[in-house]
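K.L.:
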Amino acid sequence: MDSATFERLIKDMCGAAGLADWQEVARSGHLALGDRVIGLKHCAHDIHDDVLSVYVEFEPAGRDDLQLCGRLLQENLRSGASLPGFFGVHPDNGNVVYCVRMAGARLIGGADLAAFVEAQVRAAGDLLKTLSYCTPGAQHVS
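Quick note: the sequence shown uses my numbering, first residue 743, plus one each step.
1. Out of curiosity, what's the CA-to-CA distance linking GLY830 and ALA746?
2. Any contact of the stretch 760-769 with the stretch 812-827, i.e. 3+ C-beta pairs under 8 Å?
3. Count the CB pairs spanning the stretch 754-761 and the stretch 846-856 that are closer than 8 Å, and state whether there are at least three.
4. What does a CB cutoff of less than 8 Å around PRO833 pick up in its chain, not counting 5 residues either side in sequence?
5. Can you tell which of MET743, TRP764 and ASP744 has the C-alpha that lies nearest to the C-alpha of LYS753?
6. Are GLY822 and TYR840 closer than 8 Å when you measure CB to CB?
7. Taking DSSP as the reference, what is the three-state secondary structure of CYS785?
8. Taking a contact to mean a Cβ-Cβ separation below 8 Å, would you say LEU761 touches LEU751 in this structure?
9. Rounded to whole angstroms, what's the CA-CA distance from GLU860 to GLY776? Just pull it up for me.
10. I need the straight-line Cα distance from PHE858 to ASP791, nearest angstrom please.
11. Does DSSP put ASP763 in a helix, a strand or coil?
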């Protein structure tokens, strides 16, 4: 997806979500949704690649928590349609990360993209809460 298409997509999404500074979101590839940092990445050098990758960073998992890693891998297979992405552990800070790749992103409208991102953040956060991965007392997207 070329940069102009990505910028249009981000502008439309931010407009639908009520975020004023779409230029900063497009430049940085990051936005805040509640207390979550959301990464939005695309392949700018390939105009035929219309995949948008959405990354959501959650609380620390504990670097040596093998039980957590095993459960995250299991959830990658179990979660189904509500969570079409996958979980992992950030290699630098040990935080749980959820990633979903959206094919055909250039064809989706801004309101649909905003709703999709919000739904993915909420569903991933809800699942992590049920698995007790998140820090007690942390705020979650509601």
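The beta carbon of each residue, even a glycine, is placed where N, CA and C say it ideally should be. Since this is a predicted model, take the numbers as computed values, not measurements.
P.N.:
With the structure as the only source:
1. Against the sequence shown, residue 830 aligns to sequence position 88. Against the sequence shown, residue 746 aligns to sequence position 4. Rounded to the nearest angstrom, the gap between the Cα atoms of GLY830 and ALA746 is 30 Å.
2. Not touching, per the Cβ criterion.
3. Yes, since at least three Cβ pairs between the stretch 754-761 and the stretch 846-856 fall closer than 8 Å, the two stretches touch.
4. Within the sequence shown, the letter at position 91 stands for residue 833. The answer is none, since no qualifying residue turns up.
5. Reading the sequence shown from its first residue, position 11 is the one you call residue 753. Nearest of MET743, TRP764 and ASP744 to LYS753, Cα basis: TRP764.
6. Here residue 822 is taken as the residue at index 80 of the sequence shown, counted from 1. Here residue 840 is taken as the residue at index 98 of the sequence shown, counted from 1. No, they are not a contact pair.
7. As a position in the sequence shown, residue 785 is number 43, starting the count at 1. Coil at CYS785, not helix or strand.
8. If you number the sequence shown from 1, residue 761 lands on position 19. If you number the sequence shown from 1, residue 751 lands on position 9. The answer is no: Cβ separation not under 8 Å.
9. Translated into positions along the sequence shown, residue 860 becomes position 118. Translated into positions along the sequence shown, residue 776 becomes position 34. Roughly 10 Å separates the two Cα atoms.
10. Along the sequence shown, read from residue 1 onward, the residue named residue 858 stands at position 116. Along the sequence shown, read from residue 1 onward, the residue named residue 791 stands at position 49. Computed Cα separation, rounded: 19 Å.
11. Indexing the sequence shown from 1 puts residue 763 at position 21. Note: ASP763 maps to coil in three-state DSSP.
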